[in-house]
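Here the structure is laid out as structure tokens; the discussion comes afterwards.
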Amino acid sequence: MDPAAKRDYPIPFELIDGKVVMMSPRPRVRHVQVASRIANLFDQKLRGKRCTALPDGVDLILDEKNHFIPDAMIVCGPDKIKDTCVEGAPDLVVEVLSPSTAKRDRGDKAKAYAQAGVRVYWIVSIETRSIEVYHNEEGRFELAQVYTYYSEADRARNAELLEEHREEEADMPYTIPVELDPGFDITLADIFEN
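Residue numbers 924 to 1117, in our numbering, belong to the letters of the sequence shown in order.
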């Protein structure tokens, strides 16, 4: 389907393995905030570099049967960015979970992203304030790391426990390395705080 033709339909949809899947016309406010923060952080880090950060709302055409609208993505091949969409696998894709999309984001969409050659896949959970980072290993995603945000208030409430286990807390990562060329780090607080 021509990406421009999709704009004629009042409710956004995706094609997953050739099947039309209607999307929620209005995501929750927190979903939009988190997706926007991630896209903006990517954009700040990549401005003037060879890779481009794209926000929610940009159509992604992986192949004839898989047309998605990810919450954010990074594309390092400028030839993939067309006037109305991205054609081909981005280097990094972000999906923010919602109750209606979690199963697809972890299942059929993840499989399609991996098979198309997406190098890094982030699954973001607002509920747990965590980001699962998957790396593509020969057409399949392997979980590389789960990053969870704990606010200063969370740490203060658990001060006694943290004092007993100081070494474990030191190992808790507060930034996520984005391993592309160029590489950079994203701070969890910049995504989840407030």
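Cβ coordinates follow ideal geometry from the N, Cα and C atoms, glycine included.
Stretch-stretch touch, CB-based, cutoff 8 Å, three pairs: the region 975-983 with the region 1021-1035: no
Per-residue DSSP class, three states only, for Y1057: As a working mapping, residue 1057 is identified with position 134 in the sequence shown. Correct three-state label for Y1057: strand.
Range of the contiguous beta strand (DSSP E) that encloses L1103: Within the sequence shown, numbered from 1, the residue matching residue 1103 stands at position 180. Element bounds for L1103: n/a, residue is neither H nor E.
Residues sharing a beta bridge with K976, DSSP: Position 53 of the sequence shown, counted from the start, is the residue given in the question as residue 976. In the sequence under discussion, the amino acid at residue 976 is Ala, which differs from the Lys named in the question. I997, per the DSSP bridge assignment.
CB of I961 within 8 Å of CB of R1027, strictly: If you number the sequence shown from 1, residue 961 lands on position 38. If you number the sequence shown from 1, residue 1027 lands on position 104. No; because the gap between Cβ atoms is not below 8 Å, this pair is not in contact.
Of the listed residues K1003, P1100 and R973, nearest to Y1044 (C-alpha basis): Reading the sequence shown from its first residue, position 121 is the one you call residue 1044. Comparing Cα-Cα distances from Y1044 to each of K1003, P1100 and R973, the minimum goes to P1100.
The region 1107-1117 touching the region 1005-1022, judged by at least three CB pairs closer than 8 Å: No, the region 1107-1117 is not in contact with the region 1005-1022.
Rounded distance between the beta-carbons of E937 and I992, thought under 8 Å: Here residue 992 corresponds to residue number 69 of the sequence shown, with the count starting at 1. Here residue 937 corresponds to residue number 14 of the sequence shown, with the count starting at 1. Between E937 and I992 the Cβ distance is about 6 Å, and since that is below 8 Å, they are a contact.
Bridge-paired residues (DSSP) for F936: Residue 936 sits at position 13 when you count from the first residue of the sequence shown. According to DSSP, residue pairing for F936 in a beta bridge involves M945.
Under 8 Å between C-beta atoms of G1062 and Q1038: Reading the sequence shown from its first residue, position 139 is the one you call residue 1062. Reading the sequence shown from its first residue, position 115 is the one you call residue 1038. In this structure, Q1038 lies closer than 8 Å to G1062 by Cβ.
Of the residues A1076, V1047 and L1103, the one placed nearest D994, counting alpha carbons only: Here the question's residue 994 lines up with position 71 in the sequence shown. Of the listed residues, the one whose Cα sits closest to D994 is V1047.
Candidates L1103, Y1057, E1018 and Q1068, of which the one nearest V955 by Cα: As a first step, residue 955 must be located in the sequence shown, where it is residue number 32. Looking at the Cα atoms, E1018 is the closest of the given residues.
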